[in-house]
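Below is one structure, written out as structure tokens; the observations come after it.
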Amino acid sequence: MTEAVDTVVVGAGVVGLAVARALQLAGREVWLLEQAGTFGTATSSRNSEVIHAGIYYPAGSLKARWCVRGKALLYDYCARRGVPHRAIGKLIVAAEPQDEAALEGYLRSARANGVHDLEPIDAARLARLEPEVRGCMALHSPSTGIVDSHAYMLALLADFERAGGQFVPAAAVHGGRVVAGGLELELDDPGRTRVRARAVVNSAGLQAPSLAERIDGLPPGCVPRPRYAVGHYYGLAGRHPFNHLIYPVAEPGGLGVHVTIDLAGQVRFGPDVRWREGIDYRFDDSRRADFAAAIRRYYPALRDEALLPGFTGIRPKLAGPGEPEADFVLQHEAVHGVPGLVNLFGIESPGLTASLALAEAVAERLG
Ligand SMILES: Cc1cc2nc3c(=O)[nH]c(=O)nc-3n(C[C@H](O)[C@H](O)[C@H](O)COP(=O)(O)OP(=O)(O)OC[C@H]3O[C@@H](n4cnc5c(N)ncnc54)[C@H](O)[C@@H]3O)c2cc1C
52 MTEAVDTVVV GAGVVGLAVA RALQLAGREV WLLEQAGTFG TATSSRNSEV IHAGIYYPAG
112 SLKARWCVRG KALLYDYCAR RGVPHRAIGK LIVAAEPQDE AALEGYLRSA RANGVHDLEP
172 IDAARLARLE PEVRGCMALH SPSTGIVDSH AYMLALLADF ERAGGQFVPA AAVHGGRVVA
232 GGLELELDDP GRTRVRARAV VNSAGLQAPS LAERIDGLPP GCVPRPRYAV GHYYGLAGRH
292 PFNHLIYPVA EPGGLGVHVT IDLAGQVRFG PDVRWREGID YRFDDSRRAD FAAAIRRYYP
352 ALRDEALLPG FTGIRPKLAG PGEPEADFVL QHEAVHGVPG LVNLFGIESP GLTASLALAE
412 AVAERLG
């Protein structure tokens, strides 16, 4: 059986939902195909739920541009659509004097990215703001916030469906091929349903590279090698003392084991960085001592027994251990030569924050 539609978006994570909504609102007829039984069950529900300010990323990078633009769009969207969120603010803490140079670097990169509200604070003020946090200096980021990512995705889906878009769960795309006037996708169902579309957006997250590999007609060499950096989260038993999100200076591959507070007031610590070969969400408690040590650098009162194993998330990376961080990749016709195909690769953090800006960029590329 062959179906036909104007546009297919593959993958109903937060990015696929934002892209599908933007394209449908722009007047296209969009199907959003998702292999799982519902939306947002992969990376989009395994993250810190932080609205990032745009501090860390190299000036001019897509991460920097879309984080800053996406932050503004996301705050505005959440306010208009009643999505629970809060600009709770974050403190990036230099636990030891040797961390201070990193904070100075963040001040410079934030300014270069157009983020001008970062404020250096001294140890005495830090102690007043966060009596249980130890540090010799910190940066306060008032525009960093938290969002209920599930409610946000639900709002995106509602907009999409209200505008006439079709969400199709349990529809795994096996592969596809380039045909005259667009692409033909093949679903992984018993009937091997085919869907012809003028435009296809591959927003399959961790699986975007492997899906792209299965599109006949995409020139070889266009698909980057995926790398997987797992992050573990632990909860905290009992009451917590924090008034802000607390971050240490960043580590290779991640932003450092930080404190996030969700909208229900629950604290979680994480994520660490552990490289794995495949997509493997197993929670490995064997490095709990290292994890606790990383937290105690800025929160010495942590009790071992208060750490409760939580969950993992996997960063869809394009750079491996020891390699320079990669930028987001939005690959379109001018890059790979296939009209109507957009591949989104390496949409790791700050992809949740950037999602509405990313959707704008995809809509622009597809005209
Ligand atoms: C540990 C961690 C912490 C993070 N913290 C933050 C944060 O605080 N703030 C922030 O801004 N960002 C954060 N991020 C990044 C953010 O979570 C991601 O950028 C974002 O969720 C990516 O969304 P996505 O839609 O691209 O991918 P996903 O959510 O992974 O969605 C991809 C979807 O595609 C589907 N799919 C895959 N293959 C197929 C197929 N063949 N056919 C049909 N469907 C398919 C999958 O089932 C999945 O539902 C974090 C990420 C991690 C891992």
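Residue numbers for the sequence shown, in our numbering: 52 to 418. Positions of the beta carbon are idealized from the N, C-alpha and C atoms, including for glycine. Since this is a predicted model, take the numbers as computed values, not measurements.
- Helix, strand or coil: how does DSSP classify D341 here? Looking up residue 341 in the sequence shown gives position 290. In the displayed model, D341 falls within a helix according to three-state DSSP.
- Would you give the residue range spanned by the beta strand (DSSP E) that V119 belongs to? Residue mapping note: residue 119 aligns to position 68 of the sequence shown, counting from 1. It is not in any beta strand (DSSP E) - V119 instead sits in the alpha helix (DSSP H) that spans 113-132.
- Task: Pick helix, strand or coil for L208, following the three-state DSSP scheme.
- Result: Here residue 208 refers to the residue found at position 157 when the sequence shown is read from its first residue. Three-state DSSP puts L208 in a helix.
- Distance cut-off 6 Å: Q382 Cβ against heavy atoms of ligand 1: For this step, residue 382 is matched to residue 331 along the sequence shown. No, ligand 1 has no heavy atom inside 6 Å of this Cβ.
- Item | Three-state secondary structure assigned by DSSP to T94 | By 1-based counting over the sequence shown, the position of residue 94 is 43. Helix.
- Item | Straight-line gap, D335 to E328 (C-alpha atoms, nearest Å) | As a working note, residue 335 is residue 284 in the sequence shown. As a working note, residue 328 is residue 277 in the sequence shown. If you take the alpha carbons of D335 and E328, they lie about 15 Å apart.
- Task: Could you tell me how far apart the beta carbons of V56 and S254 are, in whole angstroms, since I believe they sit closer than 8 Å?
- Result: As a position in the sequence shown, residue 56 is number 5, starting the count at 1. As a position in the sequence shown, residue 254 is number 203, starting the count at 1. Here V56 is actually not in contact with S254; their C-beta atoms are around 16 Å apart, not less than 8 Å.
- Item | Cβ-Cβ separation, L125 to L381 (assumed contact under 8 Å), whole Å | One-based indexing of the sequence shown puts residue 381 at position 330. One-based indexing of the sequence shown puts residue 125 at position 74. At roughly 18 Å, the Cβ-Cβ gap does not stay under 8 Å, so L381 and L125 are not in contact.
- Query: Can you give the Cα-Cα distance for D323 and D150, rounded to whole angstroms?
  - Reply: Here residue 323 refers to the residue found at position 272 when the sequence shown is read from its first residue. Here residue 150 refers to the residue found at position 99 when the sequence shown is read from its first residue. Their Cα atoms are separated by approximately 18 Å.
- Please name the residue, chosen from G91, R290, A344, that lies closest to V308 on a Cα-to-Cα basis. Locating residue 308 in the sequence shown gives position 257, where the first residue counts as 1. The candidate whose alpha carbon is nearest that of V308 is A344.
- Endpoints, alpha helix (DSSP H) assigned at H387: Position 336 of the sequence shown holds residue 387. Taken as a continuous stretch (DSSP letters only), the alpha helix (DSSP H) holding H387 covers 384-387.
- In terms of residues, what are the limits of the beta strand (DSSP E) holding T58? Position 7 of the sequence shown, counted from the start, is the residue given in the question as residue 58. Looking at the DSSP string, the run of the beta strand (DSSP E) that includes T58 is 53-61.
- Query: At a cut of 8 Å, does the stretch 371-378 reach the stretch 286-301 through at least three beta carbon pairs?
  - Reply: no
- Nearest to L353 by alpha carbon, out of A69, F218, R319, L369? Here residue 353 corresponds to residue number 302 of the sequence shown, with the count starting at 1. It is R319.
- Task: Say yes only if the C-beta of S400 is nearer than 6 Å to one or more non-hydrogen atoms of ligand 1, and no if none qualify.
- Result: Within the sequence shown, residue 400 is the residue found at index 349, counting from 1. Yes, ligand 1 has a heavy atom inside 6 Å of this Cβ.
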